[in-house]
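Q: If you read the sequence shown in this note's numbering, its first letter stands for residue 475, the second for the next number, and so on. Where a beta carbon is used, it is the ideal one built from N, C-alpha and C, also for glycine.
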Amino acid sequence: MHIPGHLGGYLPPFFRSKMRGTSLIPSHTWVEGPLLHWLLTGDEAAAESLAKTRGWLLQARFFDAYDFTNAREAGWHLIHLCALAWLDDPAALNAASILVARVLERQAPGGGWVRMLTDSHCGCGYPRCCGEAGFMVGVLLSGLMRYYRHTSDPAVADAIVDGARWLIVNTYDQASGYFRYTSCKNRTLGGKFQCTQWVLEGLAAAWTISGDAEIGGYLQRGLNVIGRFPVGIGHSGMGKAMAQQMRYVPSILASLLPPP
Ligand SMILES: [Zn+2]
Numbered sequence: 475m476h477i478p479g480h481l482g483g484y485l486p487p488f489f490r491s492k493m494r495g496t497s498l499i500p501s502h503t504w505v506e507g508p509l510l511h512w513l514l515t516g517d518e519a520a521a522e523s524l525a526k527t528r529g530w531l532l533q534a535r536f537f538d539a540y541d542f543t544n545a546r547e548a549g550w551h552l553i554h555l556c557a558l559a560w561l562d563d564p565a566a567l568n569a570a571s572i573l574v575a576r577v578l579e580r581q582a583p584g585g586g587w588v589r590m591l592t593d594s595h596c597g598c599g600y601p602r603c604c605g606e607a608g609f610m611v612g613v614l615l616s617g618l619m620r621y622y623r624h625t626s627d628p629a630v631a632d633a634i635v636d637g638a639r640w641l642i643v644n645t646y647d648q649a650s651g652y653f654r655y656t657s658c659k660n661r662t663l664g665g666k667f668q669c670t671q672w673v674l675e676g677l678a679a680a681w682t683i684s685g686d687a688e689i690g691g692y693l694q695r696g697l698n699v700i701g702r703f704p705v706g707i708g709h710s711g712m713g714k715a716m717a718q719q720m721r722y723v724p725s726i727l728a729s730l731l732p733p734p
């Protein structure tokens, strides 16, 4: 996880004792890319790394009583497990089903996964408001769609469509025509094209499942952000910006193209 001094060891002793050191969370651990790399090359180093990552993702401490702190953690964990399940991995798919059961349980009647927002996602002061960051819901919808492709579970289909509707109601900014960063209107004052990029895959999933005209309209209007590159980011944001485009565009194409 990207915290100061996360590699540890090189800071003076006093500061080292104040640092958490390396920590791992599902949302900062990736599987799909290394898996594709391994499938294309047979690279044994990639296979070994994947096997270790798989072991970490399947730890009993996650699944004895599964829960999640925000939609992003559940979403990425689910994306990884569903990728492992491409390889006919019943343990990964079973873990995914435990995770999804809790995700469905915690979906609010309005379709969102609301919680008390962190300070960085809410500008209301105390008490902070309830809601969720749009991109986190976007990640979860991407994960749920991958799970749906494995299982065709109708309850998951409903959760995806309801989640997309929550995004539209709570994070779309009419003035700019883009989605906002979080549901808190005191934190994100307008929409940004990047925020639309972050939820586009989720909208495409909901539209693929439902054919809903309203969701389709937001998806259609969102397509013009594909390929737009953030201006003025330093080198540290470059890799993420490129990877974002490379991640969501292929799955959206699969949703939008008519069947052959
Ligand atoms: Zn707020």
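What residue ranges within the region 530-607 form continuous alpha helix (DSSP H) runs of no fewer than 4 residues, ordered along the chain?
A: Counting whole runs of 4 or more residues, the region 530-607 contains the alpha helix (DSSP H) stretches 534-537, 545-558 and 564-580.
Q: Which full runs of the alpha helix (DSSP H) of 4+ residues lie inside the region 609-697, going along the chain?
A: Taking only runs of at least 4 residues, the alpha helix (DSSP H) segments lying wholly in the region 609-697 are 628-645, 667-684 and 687-696.
Q: Hey, how far is the Cα of His511 from the Cα of Lys659?
A: Between His511 and Lys659, the C-alpha separation is close to 41 Å.
Q: Under 8 Å by Cβ, that's how I've got Trp457 and Gly612 pegged, so tell me the actual separation to the nearest angstrom.
A: One cannot answer for residue 457 here, as it falls past the ends of the chain, which runs 475 to 734.
Q: What residues come near ligand 2, if near means a beta carbon less than 7 Å from any of its heavy atoms?
A: Although ligand 2 was asked about, the structure shown includes only ligand 1 as ligands.
Q: How many whole angstroms separate the CB atoms of Arg580 and Gly608, which I take to be in contact at a CB cut-off of 8 Å?
A: The pair is not a contact, with the Cβ atoms about 17 Å apart (cut-off 8 Å).
Q: In this structure, how does DSSP classify Phe488 when only helix, strand and coil are distinguished?
A: Of the three classes helix, strand and coil, the one that applies to Phe488 here is helix, per DSSP.
Q: According to DSSP, is Leu731 helix, strand or coil?
A: The answer is coil: DSSP assigns Leu731 none of H, G, I, E or B.
Q: Where do the N-terminal and C-terminal ends of the alpha helix (DSSP H) with Gly507 fall, by residue?
A: Note, Gly507: alpha helix (DSSP H), Glu506 to Thr515.
Q: Do Leu552 and Val505 come within 8 Å of each other at the CB atom, strictly closer than that value?
A: Contact flag unset, no.
Q: Considering only C-alpha positions, which residue in the set Ala566, Asp686, Ala519 and Leu532 is nearest to Tyr621?
A: The shortest C-alpha separation from Tyr621 is found at Ala566.
Q: Classify Ile700 as helix, strand or coil using the three-state DSSP reduction.
A: DSSP places Ile700 in coil when its eight states are reduced to three.
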